[in-house]
């Protein structure tokens, strides 16, 4: 209201805007925004290296909040290399809704536990028993190798 007093003859639009901005709903929204904006959220990811070697494939650290729901993806093991791949993503599942996992992505580790060489059933147990905010690490294979394992 202090600003309104400085304006000698505020227009109807200014009075309406002032009333809207001071309504309890807008004040609660602004207060919620300020609280969230000041919060620190986990996980804090390590900084990326300044230079990536050109011969290495891209790696992604994916943080999925499961909330006791399945991943919504099928995994498969490459018998030649022992690598674990996403074979398919189930439409509407957690992996699909996140948009972070795609068929052909290689699963490298879950919460610091390497999964290369494990059987898919063992990997599933690690994923099921992991914390709700599990951090699997995936590698995007080259397009030519992606179709080989699907």
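Numbering (my numbering), first residue to last: 12 to 161. In this text, a Cβ means the ideal position worked out from N, Cα and C, and glycines have one as well.
Inter-residue Cα distance where the pair is residue 125 and residue 84: On the chain shown, residue 125 is found 114 positions in, with the first residue counted as 1. On the chain shown, residue 84 is found 73 positions in, with the first residue counted as 1. One C-alpha to the other measures close to 19 Å.
Residue 133 - containing alpha helix (DSSP H), residue span: As a first step, residue 133 must be located in the chain shown, where it is residue number 122. Taken as a continuous stretch (DSSP letters only), the alpha helix (DSSP H) holding residue 133 covers 131-140.
Cut-off 6 Å between Cβ atoms - residues of its own chain near residue 160, not counting five sequence neighbours on either side: Within the chain shown, residue 160 is the residue found at index 149, counting from 1. The pLDDT assigned to residue 160 is 31, lower than 50, so where the model puts this residue is not dependable; a value taken from the coordinates is nonetheless given after this. Cβ neighbours of residue 160 beyond the five flanking positions: 89, 96.
Residue burial classification, residue 106 (beta-carbon count within 10 angstroms, cutoff 16): Working through the chain shown from its first residue, we reach residue 106 at position 95. With 16 or more other Cβ atoms within 10 Å, it is buried.
C-beta atoms of residue 93 and residue 115 nearer than 8 Å: For the purposes of this step, residue 93 is identified with residue 82 of the chain shown, where counting begins at 1. For the purposes of this step, residue 115 is identified with residue 104 of the chain shown, where counting begins at 1. No. Outside cutoff.
Sheet register partners of residue 100 (DSSP bridge): Numbered from its first residue, the chain shown carries residue 100 at position 89. Residue 100 is bridged to 84.
Backbone CA spacing between residue 122 and residue 32 [nearest angstrom]: Start at 1 with the first residue of the chain shown, and residue 122 comes out as number 111. Start at 1 with the first residue of the chain shown, and residue 32 comes out as number 21. Approximately 45 Å, taken between the alpha carbons.
Residue 41 vs residue 73 beta-carbon contact at 8 Å: The count along the chain shown starts at 1 and reaches residue 41 at position 30. The count along the chain shown starts at 1 and reaches residue 73 at position 62. No.
Rounded separation between residue 153 and residue 99 - CA only: Within the chain shown, the letter at position 142 stands for residue 153. Within the chain shown, the letter at position 88 stands for residue 99. At residue 153, the pLDDT of 44 sits below 50, so the modelled position is not reliable; the number obtained from the coordinates is stated separately. Roughly 17 Å between the two C-alpha positions.
Residue 139 beta carbon less than 8 Å from that of residue 5: Beyond the ends of the chain as shown, which are 12 and 161, falls residue 5; an answer cannot be given.
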